[in-house]
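Residue numbers (our numbering), protein chains in the order written: chain A, 582 to 906; chain B, 49 to 514. Think of the CB as a built atom: it goes at the ideal place given N, C-alpha and C, for glycine as much as any other residue. Down below is the structure, laid out as structure tokens.
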């Protein structure tokens, strides 16, 4: 098991290197640092001196890949690629445009992101799985039909409208919870209720439909027929056999998302003014803060790869037939 | 008045898509299994109703994809000059909507502005009141309280006309599906009982509803701002119409971009295996492991820098916005081909072990010929299903991305930019709800139709998943 995990981790390295090369190419080869400087300084007031100053302040005045001005190991290390891209592997993300340390900022903002994402994820999973199970239980009835119709309709609503509508109705008209903001400690729950609720509701449509098909696939299998044939009541068949077997594909599909919860949701966080990583990213996009966006891309892919490894491990845990090779 | 045809890059791709669609239709007609699958789609009532709605949206989008610049009035002998503004055929048809701008917000069917202003009334000096709209309900003159009666009557007349039009159309269809060449009751009966091969009853019912909604809407739009006006006084209905093209282009051109890449790489990886497979798998795992929104955000940021630092590339603002739209399609395409590619690779791995492929190999048929003749046709159902399934997701993604500020150019009308502009209006007191509601409804109808159609296609092409 440990050897397997170790091998998977090794396998992740070339992928992370690939991600790193792509972001490097995107941020420094498509546009030169000069272009970025011009963009940041504004096209009108740009002088060669200002560009040089901007680049020197942020360390963009070095060559991209190979520094011929210095000798020895420095030819490789004193380059933009090494300082801005390769050092991300050791958690050094550099500084944002406002001079703050990006790594520390990320550490501070992880918790609020989790505070929203974790309850949304767990409650959402519970709600959608129960709903899907109910639909599958009443399959081929009017209830099932209208449930699916409702799901398709809910899928067709843009996520923006769930947020805008929910915020307007619950916070502004009914004044049940604050419109936006974030508090410390236990007081934070008042700020969390609405984003979590909206997060759950906006996911119901597509997830329920997906889980319903998984349940229905399970319903048509032989062991279910056997269970019925031996005289088990339908409820028992459902909860003891079908639910347990369908949870395997559901859980393994869901594990990959867990690490990504750290990233938070871009939309929810920026709408509700939650100081998490999602709103950090959106602010960086709007401010065209390339260093922050670059770091978030790297962290996002790192978490995704962790999720993939977790999925593989969970596969082997829930299904003994799958062995490590 | 002369005009100069302007061909934007996105127009080229849109019409290429139309041509490809027709070519594809011809191919389908020749391939019995595909034809049978599409027949099943045609027999699906919900699917055909959704297809009718989609066709109307596509029609609007196509009208909006024929661009031109109007010739400016000049003295005789001067060289001909053209206006800087790029218009489309849709703009020409919707001229009253485009030009009749108010000063600022006005509610649907309003005759007065939404905010009080100082108005000079003769004899009383300056009075704070809601100013009369310049265009909305202007034909009423002094009887501005008669809006309901006037609009109702106009809608009724338009509705009757719509009904007549629909009857003519339905009659035409009935004559086609009927037994004899003459118009008799057999065709009507067949449609009514749903006995036609194509679900004409659903198509006609949907089209009737569309006519009943659209004709009164357009008739009234000439006299009122049916959906109100936005902050700068632009008609909301006009913005909705313009948004349709943006959404369709994002949904359709993106698939056009990703399709060749996904199909080629997926088949090649699955068919040749070995290091080619490893390489392609590596590429799509890397792309896949970057969260989509972030990759799009990073790419769009970079593209923005390119566009902003090269203003000399574009002769009109429309061209710039257009290029940005296309770049967005490319970026979305590059980030979304991986899923389809993986599916096709898996299926190809399975197919290449089948006996008829091995027989072909034993006969010495070249690899590429096997791919084109045997593998590709057997993957078509996966391609078609995933294309129609992706469409609605892309339309929704456009709105979110534009809202975040990494979508289409802010000057280009789209559902995302409309929502973005309308969002802060909800904080006003009293609330300005109509632009948001209109954008929401139009987008909902489009995406719902796309989802329902996608379901019908999936059911028809993938009998297992029914």
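Can you give me the C-alpha to C-alpha distance between residue i and residue j, rounded to a whole angstrom?
i	j	result
residue 114 of chain B	residue 239 of chain B	36 Å
residue 345 of chain B	residue 866 of chain A	7 Å
residue 828 of chain A	residue 843 of chain A	24 Å
residue 778 of chain A	residue 493 of chain B	25 Å
residue 607 of chain A	residue 350 of chain B	7 Å
residue 514 of chain B	residue 798 of chain A	Its pLDDT being 45, under 50, residue 514 of chain B is placed unreliably in this model, and the value from its coordinates should be taken loosely. Distance between the alpha carbons of residue 514 of chain B and residue 798 of chain A: 10 Å.
residue 221 of chain B	residue 387 of chain B	41 Å
residue 659 of chain A	residue 451 of chain B	39 Å
residue 681 of chain A	residue 762 of chain A	22 Å
residue 746 of chain A	residue 605 of chain A	39 Å
residue 118 of chain B	residue 285 of chain B	23 Å
residue 331 of chain B	residue 319 of chain B	17 Å
residue 686 of chain A	residue 850 of chain A	16 Å
residue 597 of chain A	residue 689 of chain A	24 Å
residue 127 of chain B	residue 418 of chain B	59 Å
residue 333 of chain B	residue 423 of chain B	24 Å
residue 166 of chain B	residue 55 of chain B	46 Å
residue 593 of chain A	residue 265 of chain B	57 Å
residue 369 of chain B	residue 58 of chain B	10 Å
residue 401 of chain B	residue 409 of chain B	11 Å
residue 69 of chain B	residue 771 of chain A	52 Å
residue 590 of chain A	residue 384 of chain B	25 Å
Please confirm whether any heavy atom of the ligand MG lies closer than 6 Å to the CB of residue i.
i	result
residue 726 of chain A	Absence of the ligand MG from the depicted structure is noted, as is the absence of any ligand whatsoever, leaving it without description.
With burial defined as no fewer than 16 other Cβ atoms inside 10 Å of the residue's Cβ, what is the status of residue i: buried or exposed?
i	result
residue 919 of chain A	Since the displayed chain A opens at 582 and closes at 906, residue 919 of chain A lies outside it and no answer follows.
residue 273 of chain B	buried
residue 317 of chain B	buried
residue 588 of chain A	exposed
residue 191 of chain B	exposed
residue 168 of chain B	exposed
residue 885 of chain A	buried
residue 193 of chain B	exposed
residue 214 of chain B	buried
residue 801 of chain A	exposed
Compute the beta-carbon to beta-carbon distance between residue i and residue j, rounded to the nearest angstrom, for a pair I have assumed lies under 8 Å.
i	j	result
residue 446 of chain B	residue 295 of chain B	6 Å
residue 315 of chain B	residue 202 of chain B	Not a contact, Cβ separation roughly 57 Å.
residue 258 of chain B	residue 104 of chain B	6 Å
residue 480 of chain B	residue 162 of chain B	7 Å
residue 195 of chain B	residue 159 of chain B	6 Å
residue 85 of chain B	residue 508 of chain B	5 Å
residue 504 of chain B	residue 487 of chain B	With 8 Å as the limit, residue 504 of chain B and residue 487 of chain B do not qualify as a contact, their Cβ atoms being about 26 Å apart.
residue 246 of chain B	residue 90 of chain B	4 Å
residue 66 of chain B	residue 737 of chain A	At roughly 25 Å, the Cβ-Cβ gap does not stay under 8 Å, so residue 66 of chain B and residue 737 of chain A are not in contact.
Going by CA-CA distance only, name the one from the options that's closest to residue i.
i	options	result
residue 694 of chain A	A:656, A:780, A:605	A:780
residue 699 of chain A	A:838, A:869, A:621	A:838
residue 437 of chain B	B:65, B:172, B:502	B:502
residue 53 of chain B	B:133, B:77, B:86, B:102	B:133
residue 783 of chain A	A:817, A:702, A:860, A:816	A:702
residue 111 of chain B	B:97, B:497, B:136	B:136
residue 109 of chain B	B:420, B:301, B:128	B:301
residue 677 of chain A	A:891, A:725, A:899, A:875	A:875
residue 794 of chain A	A:632, A:810, A:804, A:824	A:824
residue 129 of chain B	B:420, B:373, B:116, B:226	B:116
residue 847 of chain A	B:407, B:448, B:189	B:448
residue 399 of chain B	B:385, B:384, B:425	B:425
residue 460 of chain B	B:71, B:269, B:287	B:287
Shorter than 7 Å from the beta carbon of residue i to some beta carbon of chain E?
i	result
residue 762 of chain A	Of the protein chains in this structure, namely A and B, none is chain E.
With a threshold of 8 Å, are at least 3 pairs of Cβ atoms found where one atom belongs to the stretch 233-253 of chain B and the other to the stretch 76-83 of chain B? With a cut-off of 8 Å, the stretch 76-83 of chain B and the stretch 233-253 of chain B do not count as touching, because too few Cβ pairs lie within range.
Taking 8 Å as the cut-off, does the stretch 323-336 of chain B touch the stretch 469-486 of chain B (at least 3 CB pairs, one atom from each stretch)? Judged by Cβ distances under 8 Å, the stretch 469-486 of chain B makes no contact with the stretch 323-336 of chain B, as fewer than three pairs qualify.
With a cut-off of 8 Å, do at least 3 Cβ pairs link the stretch 238-252 of chain B to the stretch 113-128 of chain B? Touching, no.
Measuring CB atoms only, is the stretch 847-862 of chain A touching the stretch 814-834 of chain A, in the sense that at least three cross pairs come out at less than 8 Å? Contact between the stretch 847-862 of chain A and the stretch 814-834 of chain A is absent, because fewer than three Cβ pairs lie under 8 Å.
Report yes or no: do three or more beta-carbon pairs, one from the stretch 360-369 of chain B and one from the stretch 282-291 of chain B, lie closer than 8 Å? The answer is no - the stretch 282-291 of chain B does not touch the stretch 360-369 of chain B, with fewer than three Cβ pairs under 8 Å.
Segment contact flag, the stretch 146-164 of chain B with the stretch 174-186 of chain B, C-beta cutoff 8 Å, min 3 pairs: Output reads yes: the stretch 174-186 of chain B touches the stretch 146-164 of chain B.
Does the stretch 707-721 of chain A come into contact with the stretch 668-682 of chain A, if we say contact requires no fewer than three beta-carbon pairs (one atom in each stretch) closer than 8 Å? In short, these stretches do not touch, since the Cβ pair count stays below three.
Report yes or no: do the stretch 352-359 of chain B and the stretch 429-440 of chain B share at least 3 C-beta pairs separated by less than 8 Å? Output reads no: the stretch 429-440 of chain B does not touch the stretch 352-359 of chain B.
Touching or not, the stretch 629-636 of chain A and the stretch 598-618 of chain A, by the rule of three or more beta carbon pairs under 8 Å? By the criterion of at least three beta-carbon pairs nearer than 8 Å, the stretch 629-636 of chain A is in contact with the stretch 598-618 of chain A.
Across the stretch 373-388 of chain B and the stretch 876-893 of chain A, are there enough close Cβ pairs to call them in contact, namely three or more that are closer than 8 Å? In short, these stretches do not touch, since the Cβ pair count stays below three.
Three or more beta-carbon pairs under 8 Å between the stretch 784-795 of chain A and the stretch 726-738 of chain A, yes or no? Enough Cβ pairs lie closer than 8 Å, so yes.
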